[in-house]
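*Asks:* Take a look at this one; I'll ask things after.
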Amino acid sequence: MSAHSAIRPVVEADLDAFFAYLNEHLQDNGRDGAALFQPMPRGQSRFAPDKEAAFRAALALPLDQPGWRRAWVATGANGIQGHVDLRARPDGGAAHRALLGMGVHRAFRRLGLGRDLVEAALAWAGGQAQLDWVDLEMLSANAPARQLYLRCGFEQSGEIADMFRIDGERLAYSFMHFRLPR
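First residue of the sequence shown? That's 2 in the numbering used here, and the numbers climb one at a time after it.
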């Protein structure tokens, strides 16, 4: 694990700080040399109130319920340094799969924290009998994220060209998967 971070599950008491962190994190979306990492315009990159409410509700759902979500944060002396979350795939027939999302605060990138977060989520998922796969979807142009996921054992399973048109750019969307060891 990174020298100054502790990774732990998100609990109810963390949520206000967590959503403040997410909104600050989203301000880096495609700015100042950072890759565009969310399919939203740079000037409108924020966590919408309806998505926040759905995220909060999903954390309380058991894994056998559609729409469940689990999240972890890496914390240190300066607060939240990064996060990772797993959530149910929206289709009931895909209950054996989870979808991964993550991010690392700009001050803690390229220090191994992203790898630690992904590994924590994969370890948890591996302990859940009903999960066999972890999937992710990402903007194909986000080379640092792609490299991280490949190093963590994910394989690319597909790509849709010109999936999004954001700020005048045509962006492809990649799909990756990780088979949980049994």
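Even for Gly, the Cβ is constructed at its ideal location relative to N, Cα and C.
(1) Do residue 75 and residue 118 have their CB atoms nearer than 8 Å?
(2) Under a Cβ-count criterion, where at least 16 other Cβ atoms within 10 Å of its own Cβ denotes burial, should residue 161 be classed as buried or exposed?
(3) Can you tell which of 137, 25, 34, 66 has the C-alpha that lies nearest to the C-alpha of residue 46?
(4) What residue from 68, 88, 14, 113 has the CA that sits closest to residue 138's CA?
(5) Is the region 83–101 in contact with the region 32–43, if contact means three or more CB pairs nearer than 8 Å?
(6) From which residue to which residue does the beta strand (DSSP E) around residue 10 run?
(7) Are the CB atoms of residue 97 and residue 64 within a distance shorter than 8 Å?
(8) Would you kindly report the start and end of the unbroken alpha helix (DSSP H) that includes residue 53?
(9) Sorry if obvious, but does the Cβ on residue 169 come closer than 7 Å to a heavy atom of the ligand ATP?
(10) So residue 122 and residue 85 are in contact, right, with Cβ under 8 Å, and what is the actual spacing, rounded?
(11) Can you tell me which of 41, 62, 183, 20 puts its alpha carbon nearest to the alpha carbon of residue 127?
(12) Assuming residue 26 is part of the alpha helix (DSSP H), what are its boundary residues?
(13) From which residue to which residue does the beta strand (DSSP E) around residue 134 run?
(14) Please list, in chain order, all residues of the same chain as residue 129 whose beta carbon is under 7 Å from its beta carbon, the five residues on each side excluded.
(15) What does a CB cutoff of less than 6 Å around residue 136 pick up in its chain, not counting 5 residues either side in sequence?
(16) Less than 7 Å between C-beta atoms, sequence neighbours within five positions excluded: which residues of the same chain meet that for residue 42?
(17) Do you know whose CA, among 107, 53, 150, 140, lies nearest residue 20's CA?
*Replies:* Answer, in terms of the structure:
(1) yes
(2) exposed
(3) 25
(4) 88
(5) no
(6) 7–10
(7) no
(8) 50–60
(9) In terms of ligand content, the structure shown is empty, and the ligand ATP therefore cannot be addressed.
(10) 5 Å
(11) 183
(12) 16–27
(13) 134–140
(14) 64
(15) 98, 100, 178
(16) 167, 168
(17) 53
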